[in-house]
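Visitor: Numbering (our numbering), first residue to last: 16 to 470.
1. Verify whether the separation of the beta carbon atoms of residue 162 and residue 200 is less than 8 Å.
2. Please confirm whether residue 420 and residue 441 have their CB atoms less than 8 Å apart.
3. Mapping the DSSP letters down to three states, classify residue 216 as helix, strand or coil.
4. Find the nearest neighbour of residue 219 within the set 213, 244, 208, 236, judged by alpha-carbon distance.
5. Taking its Cβ as the centre, do 16 or more other Cβ atoms sit within 10 Å of residue 173, making it buried, or is it exposed?
6. Exposed or buried, what is residue 261 when buried is set at 16 or more other beta-carbons lying within 10 Å of its beta-carbon?
7. Considering only residues of the segment 38-86, which uninterrupted alpha helix (DSSP H) runs meet the minimum length of 4 residues and lie entirely inside it, listed in chain order?
8. In the DSSP assignment, the beta strand (DSSP E) including residue 317 goes from what residue to what residue?
9. DSSP state of residue 379, grouped into three classes?
10. Give the DSSP-derived three-state secondary structure of residue 148 in the structure shown.
11. When you compare the segment 370-379 with the segment 403-422, are there three or more beta-carbon pairs, one atom per stretch, that lie closer than 8 Å?
12. Would you tell me roughly how many angstroms separate the C-alpha atoms of residue 15 and residue 33, rounded to the nearest one?
13. Starting from residue 389, follow the beta strand (DSSP E) in both directions and report where the run begins and ends.
14. Which runs of the beta strand (DSSP E) spanning at least 3 residues fall entirely within the segment 232-283, listed in chain order?
15. Which residue comes first and which comes last in the beta strand (DSSP E) that contains residue 172?
16. Of all the options 108, 54, 66, 128, which has the alpha carbon lying nearest to the alpha carbon of residue 101?
17. Residue 186 to residue 137, Cα distance in whole Å?
18. Once DSSP output is grouped into helix, strand and coil, what is the label at residue 35?
19. Cutting at 7 Å between CB atoms, please list the residues of its own chain near residue 164, excluding the five before and the five after it.
20. Can you look up residue 338 in the DSSP assignment and give me helix, strand or coil?
21. Just verifying my parser: in three-state terms, what is the DSSP assignment at residue 204?
22. Report the rounded CA-to-CA distance for residue 114 versus residue 404, giving the unit in angstroms.
23. What separation, rounded to the nearest whole angstrom, lies between the Cα atoms of residue 151 and residue 80?
24. At which residues does the beta strand (DSSP E) containing residue 188 begin and terminate?
25. With the cut-off set at 8 Å, would you say residue 281 and residue 44 are in Cβ contact?
26. Buried or exposed, going by whether 16 or more other CB atoms sit within 10 Å of the CB of residue 27?
27. Can you have a look at residue 48 and say buried or exposed, based on whether 16 or more other CB atoms are within 10 angstroms of its CB?
28. Give me the Cβ distance between residue 487 and residue 82, rounded to the nearest whole Å; I'm assuming they're in contact under 8 Å.
29. Where DSSP assigns a beta bridge to residue 288, which residues make up the other side?
30. I'd like the ranges of any alpha helix (DSSP H) spanning at least 4 consecutive residues and lying wholly in the segment 425-454.
31. State the Cα-Cα distance for the pair residue 300 and residue 39, rounded to the nearest angstrom.
32. Taking just the CA atoms, how far does residue 119 sit from residue 453?
33. Which residues mark the beginning and the end of the beta strand (DSSP E) in which residue 402 is found?
34. If you draw a straight line from the alpha carbon of residue 339 to that of residue 332, how long is it in whole angstroms?
35. Distance, Cα to Cα, residue 196 vs residue 319?
36. Rounded to a whole number of angstroms, what is the C-alpha to C-alpha distance between residue 446 and residue 278?
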């Protein structure tokens, strides 16, 4: 492996704030779009590679700002990374420090998930607390209590989570852990820690998301013994050591859902692949409820056909397998043009309806009360300047802009670039009139030809 310690530049610089997306709405989409690897799988699997003292090859890795940040965190720990296309090679044979850098961890919440893997490998870890989040509080107490149950001594001082395993073996011990909330991050962090622990660990009320299953499959491919991933009870039998692996990440269900909604709001016909339809059951069900036709005509393919009219529906976000909170904002954009009144209840995060006011700037009729949004369908949207306040809110504004009359200008692209692999370029390939203005030099470096999108 080439001992490079950097990944290709992604749009992570603060000056990305100065760039905007200009969208001229009313143009139908057409063709085939390739769905990238899952963001939330890529980040945690990169952390999981710390468990292996050899080479890990990870395929289908999306080109995202968050992936770049996670790569920087791993590099700071002494891990070697090289990337070619969507293939990422990681060698964590030498972890030179147990302390992750504050300035990087505070930019990426998912980097805190590496504490379990570092602790399992080294017996000691120092991880800055990840800080706040625009969509609500996501405390780390579940992570800490789980590690303590496995025998770790954990102290939080001056914003740093200091953890170590007492005793000469420096190995965590298997434990029975109950999570008060089915937290994805805590489930993944504790599952990674348990892979190298002595004895059996049982995680009750575990998160059931597909990305949790993907991480378990990745660890098992390295020789871990994990059973029950995808259910609320995960059993991990610790092993002394893991080995090298060549592993491909699942398709991103949220990106796939976003393109389905983009097709629905523009009354377009699209084909998406690769996708895992079983990961999109609640999204597909709601789209069919409002009148959209979706066909699974080939393995790993979805074919969406336009609807003459869109009907209102009600949505309540839930932990998987319920309706995903990450699809709430994009779906709200679609419902602004549905006939009738829709109600959206956000039950996962307490501050995830800020996009409603921006959609109203485009002519939507949305009222927010607490964690509920009341959406009254309107005949049309009109382009306007808007601001993306978080990742999925930014995607919602893109979807709305595709259908709005005239020009929509979206600021806050640093959020969008965190979680969508060249979304604007993929939409261009499908016929959307969309242009990124004010690109930084980093933008140009990560914008290669994507002719593969039409293949």
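Positions of the beta carbon are idealized from the N, C-alpha and C atoms, including for glycine.
Guide: Here's the rundown:
1. Numbered from its first residue, the chain shown carries residue 162 at position 147. Numbered from its first residue, the chain shown carries residue 200 at position 185. Taking 8 Å as the Cβ cut-off, residue 162 and residue 200 do not qualify as a contacting pair.
2. Within the chain shown, numbered from 1, the residue matching residue 420 stands at position 405. Within the chain shown, numbered from 1, the residue matching residue 441 stands at position 426. With contacts defined as CB atoms closer than 8 Å, residue 420 and residue 441 fail to qualify as a contacting pair.
3. Taking the chain shown and counting its residues from 1, one reaches residue 216 at position 201. It is a strand residue.
4. Position 204 of the chain shown, counted from the start, is the residue given in the question as residue 219. For the options 213, 244, 208, 236, the alpha carbon positioned closest to that of residue 219 is the one of 244.
5. In the chain shown, the residue the question calls residue 173 occupies position 158. Per the 10 Å Cβ criterion, exposed.
6. For this step, residue 261 is matched to residue 246 along the chain shown. The residue is exposed, with fewer than 16 neighbouring Cβ atoms inside 10 Å.
7. The qualifying runs are 54-63.
8. The residue given as residue 317 occupies position 302 in the chain shown. Boundaries of the beta strand (DSSP E) harbouring residue 317: 317-320, taken from the DSSP string.
9. The count along the chain shown starts at 1 and reaches residue 379 at position 364. Coil.
10. Residue mapping note: residue 148 aligns to position 133 of the chain shown, counting from 1. With a pLDDT of 46 at residue 148, under the threshold of 50, the modelled position of this residue cannot be trusted; read the value that follows with caution. Coil.
11. Taking 8 Å as the limit for Cβ pairs, the verdict is that the segment 403-422 does touch the segment 370-379.
12. Past the edges of the chain, shown from 16 to 470, lies residue 15, and the structure says nothing about it.
13. Locating residue 389 in the chain shown gives position 374, counting from the first residue. Counting along the chain, the beta strand (DSSP E) containing residue 389 begins and ends at 387-391.
14. Fully enclosed beta strand (DSSP E) runs of 3 or longer: 240-242, 248-252, 260-263.
15. Stepping through the chain shown from its first residue, residue 172 is reached at position 157. Judged by DSSP secondary structure, residue 172 falls within the beta strand (DSSP E) whose first and last residues are 168-172.
16. Counting from 1 along the chain shown, the entry for residue 101 is found at position 86. When 108, 54, 66, 128 are compared, the shortest CA-CA separation from residue 101 is found for 54.
17. Against the chain shown, residue 186 aligns to sequence position 171. Against the chain shown, residue 137 aligns to sequence position 122. Each residue's Cα considered, the two are about 8 Å apart.
18. Residue numbering aside, residue 35 sits at position 20 when the chain shown is read from its first letter. In this structure, residue 35 counts as strand in the three-state DSSP scheme.
19. Within the chain shown, the letter at position 149 stands for residue 164. So the qualifying residues of the chain are 190, 192.
20. Here residue 338 refers to the residue found at position 323 when the chain shown is read from its first residue. Strand.
21. Position 189 of the chain shown, counted from the start, is the residue given in the question as residue 204. It is helical.
22. As a first step, residue 114 must be located in the chain shown, where it is residue number 99. As a first step, residue 404 must be located in the chain shown, where it is residue number 389. Each residue's Cα considered, the two are about 31 Å apart.
23. Translated into positions along the chain shown, residue 151 becomes position 136. Translated into positions along the chain shown, residue 80 becomes position 65. With a pLDDT of 42 at residue 151, under the threshold of 50, the modelled position of this residue cannot be trusted, and the question is left open.
24. Working through the chain shown from its first residue, we reach residue 188 at position 173. Where residue 188 is concerned, there is no enclosing beta strand (DSSP E), given that its DSSP letter is neither H nor E.
25. To locate residue 281, count along the chain shown from 1; it is residue 266. To locate residue 44, count along the chain shown from 1; it is residue 29. Yes, the pair counts as a contact, with Cβ atoms nearer than the cut-off.
26. On the chain shown, position 12 is the one that residue 27 refers to. Residue placement at residue 27 is flagged as unreliable, the pLDDT there being 41, under the threshold of 50; the coordinate-derived value follows with that caveat. With 16 or more other Cβ atoms within 10 Å, it is buried.
27. Residue numbering aside, residue 48 sits at position 33 when the chain shown is read from its first letter. Burial call: buried.
28. No answer is possible for residue 487: the residues shown for the chain start at 16 and end at 470.
29. As a first step, residue 288 is located in the chain shown; it is residue number 273 there, counting from the start. Paired residue(s): 49.
30. Counting only unbroken stretches of 4 or more residues, the alpha helix (DSSP H) elements lying wholly within the segment 425-454 are 428-434, 438-444, in sequence order.
31. As a first step, residue 300 is located in the chain shown; it is residue number 285 there, counting from the start. As a first step, residue 39 is located in the chain shown; it is residue number 24 there, counting from the start. Taking the straight line joining both Cα atoms gives about 29 Å.
32. As a position in the chain shown, residue 453 is number 438, starting the count at 1. As a position in the chain shown, residue 119 is number 104, starting the count at 1. In this structure, the straight-line span from the alpha carbon of residue 453 to that of residue 119 is close to 25 Å.
33. Locating residue 402 in the chain shown gives position 387, counting from the first residue. Taken as a continuous stretch (DSSP letters only), the beta strand (DSSP E) holding residue 402 covers 400-402.
34. In the chain shown, residue 339 corresponds to position 324, counting from 1. In the chain shown, residue 332 corresponds to position 317, counting from 1. If you take the alpha carbons of residue 339 and residue 332, they lie about 6 Å apart.
35. On the chain shown, residue 196 is found 181 positions in, with the first residue counted as 1. On the chain shown, residue 319 is found 304 positions in, with the first residue counted as 1. When rounded, the distance between both Cα atoms is 35 Å.
36. The residue you call residue 446 lines up with position 431 of the chain shown. The residue you call residue 278 lines up with position 263 of the chain shown. Going by C-alpha positions, residue 446 is about 11 Å away from residue 278.
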